[in-house]
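Here the structure is laid out as structure tokens; the discussion comes afterwards.
Number of protein chains: 2
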Amino acid sequence: MLDALSQTFAALADPTRRAILQRLSSGEATVGELAEPFDLSLATVSKHLKVLQHARLVSQTRNAQWRPCRLEVAALREIDGWMDQYRRFWAGSFERLDDYLEAVQAGEGNSGDDDQNPD
Amino acid sequence: MLDALSQTFAALADPTRRAILQRLSSGEATVGELAEPFDLSLATVSKHLKVLQHARLVSQTRNAQWRPCRLEVAALREIDGWMDQYRRFWAGSFERLDDYLEAVQAGEGNSGDDDQNPD
DNA sequence: CCTCTATTTAGCTAAATAGTAAAATATGAA
DNA sequence: TTCATATTTTACTATTTAGCTAAATAGAGG
Numbered sequence: 001m002l003d004a005l006s007q008t009f010a011a012l013a014d015p016t017r018r019a020i021l022q023r024l025s026s027g028e029a030t031v032g033e034l035a036e037p038f039d040l041s042l043a044t045v046s047k048h049l050k051v052l053q054h055a056r057l058v059s060q061t062r063n064a065q066w067r068p069c070r071l072e073v074a075a076l077r078e079i080d081g082w083m084d085q086y087r088r089f090w091a092g093s094f095e096r097l098d099d100y101l102e103a104v105q106a107g108e109g110n111s112g113d114d115d116q117n118p119d
Numbered sequence: 001m002l003d004a005l006s007q008t009f010a011a012l013a014d015p016t017r018r019a020i021l022q023r024l025s026s027g028e029a030t031v032g033e034l035a036e037p038f039d040l041s042l043a044t045v046s047k048h049l050k051v052l053q054h055a056r057l058v059s060q061t062r063n064a065q066w067r068p069c070r071l072e073v074a075a076l077r078e079i080d081g082w083m084d085q086y087r088r089f090w091a092g093s094f095e096r097l098d099d100y101l102e103a104v105q106a107g108e109g110n111s112g113d114d115d116q117n118p119d
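In structure tokens form, the structure reads like this:
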């Protein structure tokens, strides 16, 4: 079994699942409502939802015979947190990593090969 | 073939590949250097690098018989851009989506077909 | 009970992919 | 040319997964 972050990324690596998340970002929806815009069987959408639930991106409650789904943002926040370590590469004016590294290395007075750690 | 965003998410859905990216965030590295911390064959790491290149997360140049790899942040920025539509859910004080939606709906009135009682 | 609606599960196929070992390729050096 | 090093490519296997249809499950209501 993969770690939580990998599961979340894997769940997001499918356009249908991302569309489901987008739909859920405007409110709860039942499985049937979520399936409606897609040319897919309900069983397939149900499986997509199971993947999303397993990745903790969606939760499902029960209301009579409906299972309303809801977006859960905790896993998305984890992705966002993971991205933090890379944001410095575009937070400033650095388009390319080597520009950044060259700038850092020039600032440190090191002209060596490539093992400088900018952090 | 999947769209670019799906490919990027799929590439990130592997701990080895994320570790490779992290290593590259501190500077260029050859395939052998990247493979060193892993208990994987060079061929396997080479394939991971191909996935990362295909997702445009890594570029590879040539230096004699070495192929130094470099982090490319454009695809990460795309992920970051995709996340924008969800940041509002944790940018403020909203821990739970339903709190946010209740607040919004209370302000806007009811939109119609999703008014099952939430609890 | 039975029926209707909503959803999930089971069983299948096809495609993708992570891993391997071994052969092939590319470059530098002797 | 030959050898050594670095990396990729080529089969091949095993696992995962997106999709389907059909059957099963769950609740509402007659």
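First to last, the sequence lines map onto chains A and B. Numbered continuously in my numbering, the first sequence closes out at residue 119. Numbered continuously in my numbering, the second sequence closes out at residue 119. Quick reminder that beta carbons are idealized off the backbone N, C-alpha and C, glycines included. Here the structure is a predicted model, which is why all the values come from computation and not from measurement.
Apart from sequence neighbours up to five positions away, the residues of its chain that approach E28 of chain B with a beta-carbon distance below 7 angstroms are P68, C69, R70, ordered along the chain.
Contact between the region 49-63 of chain B and the region 7-24 of chain B is present: 3 or more CB-CB pairs across the two stretches fall below 8 angstroms. Spatial neighbours of R87 of chain A in its own chain (CB-CB distance under 7 angstroms, excluding positions within 5 residues in sequence) are not present. Interface with chain B (7 angstroms Cβ-Cβ cutoff): R62 of chain A is excluded. Annotation: L57 of chain B is outside any beta strand (DSSP E) and is labelled neither H nor E by DSSP. Counting every other CB atom within 10 Å of its CB across the protein chains shown gives S25 of chain B a total of 16 or more, marking it as buried. The Cβ atoms of I79 of chain A and T8 of chain A sit closer than 7 angstroms to each other.
The secondary-structure analysis by DSSP pairs A74 of chain A with nothing; it has no beta-bridge partner. Assigned with DSSP and collapsed to three states, A29 of chain B falls in strand.
For R77 of chain A, the residues of chain B that pass the 7 angstroms Cβ criterion are W90, in the order they occur in the chain. Within 10 angstroms of the beta-carbon of E72 of chain A lie 16 or more other beta-carbons, which makes it buried. Boundaries for S41 of chain B: no alpha helix (DSSP H) harbours it, and the DSSP string shows neither H nor E there.
Excluding five sequence positions before and after L5 of chain A, the CB atoms of its chain that fall closer than 7 angstroms to its own CB belong to E78, W82, given in chain order. Counted as a single uninterrupted DSSP element, the alpha helix (DSSP H) harbouring P15 of chain A occupies residues 15-24. Residue contact with chain B for P15 of chain A: present (Cβ-Cβ distance below 7 angstroms to some residue of chain B). By the CB criterion at 7 angstroms, A10 of chain B and A13 of chain A fall inside the cutoff. A10 of chain A reaches chain B at F9, A10, A13, counting residues in chain order whose Cβ is nearer than 8 angstroms. Per the coordinates, the alpha-carbon of G32 of chain B lies some 13 angstroms from the alpha-carbon of K47 of chain B. Not a single C-beta of chain A is nearer than 7 angstroms to the C-beta of D39 of chain B. Residue burial is scored here from C-beta neighbours: L2 of chain A has fewer than 16 other C-beta atoms within 10 angstroms and is therefore classed as exposed. Here the alpha carbon of V45 of chain A sits roughly 19 angstroms from the alpha carbon of N63 of chain A.
If you look at Q65 of chain B, you'll find it isn't in any alpha helix (DSSP H); DSSP assigns it neither H nor E.
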